[in-house]
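J.:
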Amino acid sequence: MKNVPDLVTSRGDGRNQGAEMATIEGLLFGALEDLSQKERKDFKFHLRQPYNDFCRIPQNRLEGTDESEIAKLMVQHYNEQAVDVAKSILGRILRNDLVEDLTNKISEQTGPEPQENIQKHQQKLRSHLKGIFTRAREGMSERTDEQNLAMVFTELYVTSGCEMHKQHEIIQIQMDRGGTEEPIKPSDIFKDPAGIPTRTVVTTGVAGIGKTFLVRKFVLDWAEGTNNEDIHLLFPLNFRELNLLKERRFSLAELIHASIWESKAITERELNHIFTQLQTSGNRDYKSSEIKILFVLDGLDESRLHLDCARGKKQTVDFDVTQPTSVDVLLTALIKGDLLPPARIWITTRPAAADHISRDFVDRMTVVRGFTDPLKVEYFKKKFPDETQAERVISHIKASRSLFSMCYIPIFCWLIACVFKDVLKARKKTELPKTLTEMYTEFIAYQITKTGEKCGLKKGIKYIQSLAKLAFHQLEKQDPIFYEKDLKDSGINFHKAALYCGVFTEVFEEVRKWKLDDDKGRMFSFVHLSLQEYLAALHVVMSLINNNRNVLSEPTLNVESLCTLCRRKSLQDVHEIALNRALQNPKGQLDLFLRFLLGLSLETNQNLLKRLLKLKKDDTHINNKIIKSIKEKLRQDICPERSINLFHCLNELKDESLLEEIQQYLHAGSLSSGNLSSTQWSALVFILLSSNDDLDVFDLKKYSASAEGLQRLLPVVKVSKKLLLNNCNLTEKSCEALASVLSSQPSSIRELDLSDNDLCDSGVKLLSEGLASPHCTLQSLKLSGCMITQEGCSYLASALKSNPSNLKELDLSYNHPGDRGAALLSDGLDPQCTLNLDHGGEQRLKPGVKKYICELKLDQNTAHRNLKLSDDCTKVTVTEEQQWHPHHLERFDCWRQVLCSTGLIGRCYWEVEWREKAYIAVTYRKIRRRGEGTDGCLGANDHSWMLLCDEHGFSVRHEDRDRVIDRRLTFESNRVAVYLDYLAGILSFYKVFSGTLVLLHTFESTFTEPLYPAFGFGLGYGFEYFGSSVSLCEVEDVQVSSNC
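Take the sequence shown: its position 707, counted from the start at 1, is 732 in our numbering, and no numbers get skipped.
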């Protein structure tokens, strides 16, 4: 055979075009020569059939032709696509050996794709995609309302990790406060922090969170050349549209052309050549690939394809990129890496479908978490250019727990903006909606008006009623997707549906040229699950009020549905049925439906829907009964997620009595585990999770320093970034609960302080199970003073070897690791991790604060002359006669006070016994020694802290401000304990009785100088307190109690 000119470099060159076609003709002739007579007959038969967009070769042209003539006819009809047609037919007649031979010969003839051609393809694709992706429709707006993407796009909060689909998506996002992870820029989605090569990224996010908008922005940035310029070719595919092709067969190039109209600027043959070059390169690394390609697969959760990606890796199989096969097989091979191994894949999906792809095929998981609080403000400022209106809207949303928690979801922000604009325009002085039900009710009322303007009010109402019925039945089936038949069954004319586009969106935004039947396979969905659930609840209410029909009681074959076997019932009974069904659903799939159903029972909401409902008499007494029933449920043992939703239900019913109770406790500062019921605990969790307060740092001591407090507040703990659980009387069971939180996916905790809890080795063993989890991302762990020995250190070392990459600080001071424990930890920790083993020793194994016992002695050089020191300077007594003390500048001359000789800067504990009346204090050394001013009096200045003990009880003083400790003590004891944690800024005074410590008061401050224990008895010229004394005591075993 003659030398063949390069097929790629000759493209577009008229002088070489004839030679190129001649080469193709020769290759075809060679393949046809190897066919048997029957195979040639079958080959001709297939040539007479239509192929893709090309016309068939007429039968009379093929009659009597030999191999050479057939090859010539094919080149005349198909030009450079002739090879693809031949390979397709050869595959159908089972001559795959000739397909492979033809592929290899074409590859040999063409050689690698020149860089200049790739750049030309890139420029064409960028230009065409830019025209499409510059425009965007927000929310449920009509196509005529498309805007420039840059005008409507607000940055989204994207992080590493993944979401576990354990709850209803709305409940899940309300439980996840977000904001604790480092954000990822969309342009950095493939940049692994550890530098590991990344081929496939899966991005999860709940419905309406902005995944598709994120994809559109990514594609637009690439098309405009502002980001990810290393990508040569980017192909955005959408599972919604791929579903329509599931019964057809394509090569990869054909699928690209069928799905992305804008890609047709690159011919099928050119795509085949590029894909073949990548497939046969033997390279799997994107960065070293000469041609860099990214496939974006948006909306895996909407896929109806049979993707075989849920199982682990199999042995790599050969794949011919030019051969037609099913869309299922193509995408499966692409995701697994059997097809185009060096190409990158980006898949977006809702959390529930993420498990359809095995983690063996995924290099990185990311999550779209929607809007952070600052992004919410930015969004509404864009939507309301008027600053006064924007401020009013933002303030109102922040004041509403229900609305604010939902505003993590961009599409809900859009809905709020639409409703508020309409309300502010039509009723300037009207109060804005505060609950979800009020919000959606305003929205539906707006839609009735809008639809009525297009097709008449009567038809508009009928459309709402029909869609509500459809929403209810789809909720029964737990299916957000519906088809034209479902629309017809619900009484909606498909061809008039465009008049109703504000309430639901067509899944396919435009009709593609390759569609044979415009109506075939057309699918629809509600724009968000919350809208579907509202309409479903509306259908229940309309059926009951208008038709005296209880649709919740109608039998159905779906055992997971809402239906029960009861017959017609009152509104109260319908509420009870829905309440019980919602509580029985472990994933909370009926939680939002229940909220809406209860909210729609309010007269204010029914008044807004008077065109849909035949208004009945006031049902306040029915609402009061369901409120009572909800409160009874809250007293039962139900999971935190369900109890939180019940508080949302009470909010919809405008009942906040339980929340007001707990708020009173919080404001009064009298919160403790002993005086809270289970209902009040649930109320506290709801308040904390739904407040605007920053929960990045959670200090358990503000609420209840107890194991019960931790267990009750676990939902809050799970969303916090820094946990301060030091000195909270935690137990082994607490460690088990914390291990579960640390190993959850995702885990947001970065810093954990468990110091001063008697966890012992057994507790550390349980905690280590969480530390060893790959999901644990803890960076700082403080276990100071937790009675840990060598055994506990071995558990920690083993866990940290399993998961060593995150921890940067480990504090095990005031424990007893021993040399062996220290060695185990040093070997197991990352060299970058700081390990603190200071102040160790066997004495640290005593329970409670007594492990910090320190030896003190009184300083004779500071004692006032009316103070007598005795018992080896461990006791001071007030005497009427002055003692002989040598002159010293450190001595107090007016205040009857004495300091100890040692300044304290660590954790220290001591006990004293007092008689008559005494001041127990600590002070900086600089306290004034001359004169009777407040600078020299314990507790009367900013450099000393004092507890006054006398027959009337106790009071504390600092900066000359007194506070009486209002506690009724039922026992007699003159022993007081003092605990100082200098670095933590904690100074606590305890009453000691029968081996028990009862907390009297804790000062919290920032100490800047060593603190000296001190004792005092008033001014020196008085005649009081003679005989009063204070003795430093030997410490016995004690138990700590935070309650009096």
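Just so it is clear, CB atoms sit at the ideal spot from N, CA and C, and this is done for glycine as well. All of these numbers come straight from a predicted model, not from anything done at the bench.
Which residue's Cα is closest to the Cα of ALA888: PHE405, LEU835, MET464 and GLY1043?
T.: GLY1043
J.: For ILE473 versus GLY481, is the C-beta spacing smaller than 7 angstroms?
T.: no
J.: Would you check if there are 3 or more beta carbon pairs closer than 8 angstroms linking the stretch 490-506 to the stretch 643-657?
T.: no
J.: Could you give the residue range of the alpha helix (DSSP H) that holds LYS401?
T.: 398-408
J.: For the candidate residues HIS257, ALA358 and LEU365, whose alpha-carbon lies nearest to that of GLY307?
T.: Closest by alpha carbon: LEU365.
J.: Just how far apart, CA to CA, sit LEU119 and SER61?
T.: 12 angstroms
J.: Over what stretch of residues does the alpha helix (DSSP H) that includes LEU332 continue unbroken?
T.: First-last for LEU332: undefined, no H or E at that position.
J.: Buried or exposed for TRP909, please, with buried defined as at least 16 other CB atoms from any protein chain shown within 10 angstroms of its CB.
T.: exposed
J.: Below 8 angstroms CB to CB, which residues in the same chain sit around SER1053 once its five sequence neighbours on both sides are set aside?
T.: Once the five neighbours on either side are set aside, the close Cβ partners of SER1053 are THR902, VAL903, TRP939, ARG940, GLU941, LYS942, ALA943 and PHE1042.
J.: Classify VAL177: buried if its beta carbon has 16 or more other beta carbons within 10 angstroms, exposed otherwise.
T.: The residue in question, VAL177, is buried, as its Cβ has 16 or more Cβ neighbours within 10 Å.
J.: Relative to the C-alpha of LEU245, which candidate in LEU150, PRO218 and LEU72 has its C-alpha closest?
T.: LEU150
J.: Can you name the residues that DSSP bridges to GLU936?
T.: ALA1002
J.: Where do the ends of the alpha helix (DSSP H) carrying VAL444 lie?
T.: Element bounds for VAL444: 435-451.
J.: Measuring CB to CB, does TYR465 end up less than 7 angstroms from TYR311?
T.: In this structure, TYR465 lies away from TYR311, with their beta-carbon atoms at least 7 angstroms apart.
J.: Only counting the same chain, and skipping five residues up and downstream in sequence, which positions put a Cβ closer than 6 angstroms to that of GLU816?
T.: ASP786
J.: Three or more C-beta pairs under 8 angstroms: does that hold for the stretch 314-326 against the stretch 354-372?
T.: As far as the Cβ criterion goes, the stretch 314-326 touches the stretch 354-372, which means the pair count is three or higher.
J.: May I ask you to list the residues that DSSP assigns as paired with ARG389?
T.: VAL226
J.: For GLU1049, which three-state DSSP category applies?
T.: coil
J.: May I ask you to report which of helix, strand or coil DSSP gives GLY1043?
T.: The answer is strand: DSSP assigns GLY1043 an E or B state.
J.: Taking 7 angstroms as the cut-off, decide whether the C-beta atoms of HIS800 and SER838 are in contact.
T.: no
J.: Compute the Euclidean distance between the alpha carbons of PRO222 and ASP380, then round it to the nearest angstrom.
T.: 22 angstroms
J.: What's the gap between the Cα of VAL532 and the Cα of GLU509?
T.: Low confidence applies here, because VAL532 scores a pLDDT of 34, under 50, leaving its location unreliable; read the following figure in that light. Distance between the alpha carbons of VAL532 and GLU509: 12 angstroms.
J.: Go ahead and pull the three-state DSSP assignment for ARG369.
T.: strand
J.: With burial defined as no fewer than 16 other Cβ atoms inside 10 Å of the residue's Cβ, what is the status of GLU463: buried or exposed?
T.: buried
J.: DSSP three-state label for MET176, please.
T.: In the structure shown, MET176 sits in a helix (DSSP, three-state: H, G or I).
J.: In or out: THR995 buried (at least 16 other Cβ within 10 Å) or exposed?
T.: Low confidence applies to THR995: its pLDDT is 43, below 50, so where it sits in the model is not reliable enough to give any reading.
J.: From this set, GLN101, MET431, GLY961 and VAL741, which residue's C-alpha is nearest ILE920's C-alpha?
T.: The amino acid at residue 920 is misidentified as Ile; the sequence shows Trp. When each option's Cα is compared against that of TRP920, the closest is GLY961.
J.: Can you check whether the CB of LEU892 is closer than 7 angstroms to the CB of GLN885?
T.: no
J.: Report the residue from GLY362, TYR820, TYR471 and ALA607 whose alpha carbon sits nearest the alpha carbon of GLY795.
T.: TYR820
J.: Could you compute how far the alpha carbon of TRP247 sits from the alpha carbon of CYS187?
T.: 25 angstroms
J.: Going by DSSP, name the residue or residues bridged to GLU776.
T.: LYS747 and SER805
J.: CB-CB under 6 angstroms to LEU713, same chain, minus the five flanking residues each way: which ones, in chain order?
T.: VAL741
J.: Whole angstroms are fine: how far does the CA of ASN751 sit from the CA of VAL789?
T.: 15 angstroms
J.: On a Cα-Cα basis, can you pick out the residue from GLU416, LEU181 and VAL231 that is closest to GLU207?
T.: LEU181
J.: Once the 5 residues before and after ALA562 are set aside, which same chain residues still bring their CB inside 7 angstroms of it?
T.: PHE618, PHE621, LEU622 and LEU625
J.: Name, in chain order, the residues that DSSP records as bridge partners for SER1013.
T.: Residue pairing by DSSP places SER1013 opposite TYR1004 and THR1027 in a beta bridge.
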